[in-house]
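Enquirer:
Number of protein chains: 2
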Amino acid sequence: MILHIAAFRWKDDVTEADVTALTEALLTMAAGIPELRSYVAAPNLHLRPAGFDYGVAAVVDDQAGLDAYLDSPEHLAAYENFIGRMLAERAAVQLPIAEGSLR
Amino acid sequence: MILHIAAFRWKDDVTEADVTALTEALLTMAAGIPELRSYVAAPNLHLRPAGFDYGVAAVVDDQAGLDAYLDSPEHLAAYENFIGRMLAERAAVQLPIAEGSLR
C-alpha cells in the first residue's frame with residue numbers, strides 16, 4: 001500500500017472561501033475514485049509553529065491506484081479550477097505502508 | 001484525532017546511510033511513545049515527479065498527544081542527531097481526521 005501526502009503553501013491572496021471550495025471539490029473527487037482507500041484534505045490546524053497551509057493524505061493499493069487518482073479528470077480539474085492559481089509551494093511524497101498500519 | 005504529516009527535502013550531502021540511520025532512530029522513537037496511534041517514516045518512493053525526499057505521518061488522539069510526541073526527548077534527539085544537519089526544507093501540517101478514516 002502507498003500513502004501519498006502533500007502539503008501546500010498558498011499565495012497571499014488566497015481566501016477562506018477559496019479553501020472551502022477547494023476542499024469541497026477534493027472530497028467530491030475522492031468519493032468518485034474507487035482506488036482511494038482513504039482520503040483526507042483539510043487546512044492545517046496550525047497546532048505547531050511554522051507549518052504549510054493545507055494538507056492531503058491519500059491511501060491507495062499501488063502505483064496504478066495512485067496514477068488513477070492523480071491523473072483522473074477530477075483531480076486535474078481541481079488543479080485547473082483551484083490549486084493551480086492558489087499554489088505558492090507544494091511538498092509531496094509517497095510512502096510505503098503496511099495494511100492496517102494507519103489507524 | 002490528528003494526522004501530523006511532514007515532508008523533508010535534504011541537503012545535497014545527505015547519504016543513504018544517513019537516511020537509514022534516521023529511519024531507524026525515528027521508528028525506535030515511535031515505538032516508545034504511547035501517544036502515537038500510528039507512525040510512518042520513510043524515504044519518498046518517488047512514484048510521481050517533483051517530490052520531497054522523505055516523509056513522516058503520525059496519528060495521535062489530540063494536541064496533548066501531538067506535543068508529547070514532538071516535544072519528547074527522543075524526537076528532539078532525532079533532530080539533534082540527524083534531521084537538524086540533514087534538512088534543507090520542511091513542510092508540515094496537522095489535519096483533523098475521524099476515527100477509522102485512514103485504512
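Residue numbers (full-length UniProt numbering), protein chains in the order written: chain A, 1 to 103; chain B, 1 to 103. Don't be surprised by glycine CBs; every beta carbon is placed ideally from N, CA and C.
1. Please report whether the beta-carbon of F52(B) lies at a distance below 8 Å from any beta-carbon of chain A.
2. Identify, in the order they occur along the chain, each residue of the same chain with its Cβ nearer than 6 Å to the Cβ of L22(B), setting aside the five sequence neighbours on each side.
3. Would you list, in chain order, the members of the segment 49 to 76 of chain B that have their beta-carbon closer than 9 Å to a beta-carbon of chain A?
4. Tell me which residues share the same chain as Y69(B) and place their Cβ nearer than 7 Å to its Cβ, disregarding the 5 neighbours each side in the sequence.
5. With 9 Å as the limit, tell me which residues of the segment 30 to 44 of chain A have their beta carbon closer than that to any beta carbon of chain B; keep them in chain order.
6. Could you tell me how far apart the beta carbons of V93(A) and I5(A) are, in whole angstroms, since I believe they sit closer than 8 Å?
7. Taking all protein chains shown into account, do 16 or more other C-beta atoms lie within 10 angstroms of the C-beta of Y54(B), making it buried, or fewer, making it exposed?
8. On the DSSP bridge list, what partners appear for F52(B)?
9. Does the distance between the C-beta of A78(A) and the nearest non-hydrogen atom of the ligand GDP fall short of 7 Å?
10. Is A40(B) helix, strand or coil by DSSP?
11. Roughly how many whole angstroms lie between the Cα atoms of S72(B) and R48(A)?
12. Please report the Cβ distance between A7(A) and L26(A), rounded to the nearest whole angstrom; I am assuming they are in contact, meaning their Cβ atoms lie under 8 Å.
13. Please return the same chain residues whose Cβ sits closer than 7 Å to the Cβ of G65(B), not counting the five positions on each side in sequence.
Expert: For this structure:
1. yes
2. For L22(B), where only same-chain residues beyond five positions count, the Cβ hits under 6 Å are F82.
3. Result list: A50, G51, F52, D53, Y54, G55, V56, A57, V59, Q63, L66, D67 and L70.
4. Around Y69(B), the same chain offers I33, E35, L36, A58, V60 and H75 as residues with beta carbons nearer than 7 Å, after the five sequence neighbours per side are excluded.
5. Here the close residues are R37, S38, Y39, V40, A41, A42, P43 and N44.
6. 6 Å
7. buried
8. F52(B) is not bridged to any residue.
9. Ligands in the displayed structure: none, and consequently the ligand GDP is not present.
10. Contrary to the premise, residue 40(B) reads as Val rather than Ala in this sequence. In the three-state DSSP reduction, V40(B) falls in the strand class (E or B).
11. 14 Å
12. No, A7(A) and L26(A) are not in contact; Cβ-Cβ is about 14 Å, not under 8 Å.
13. E35
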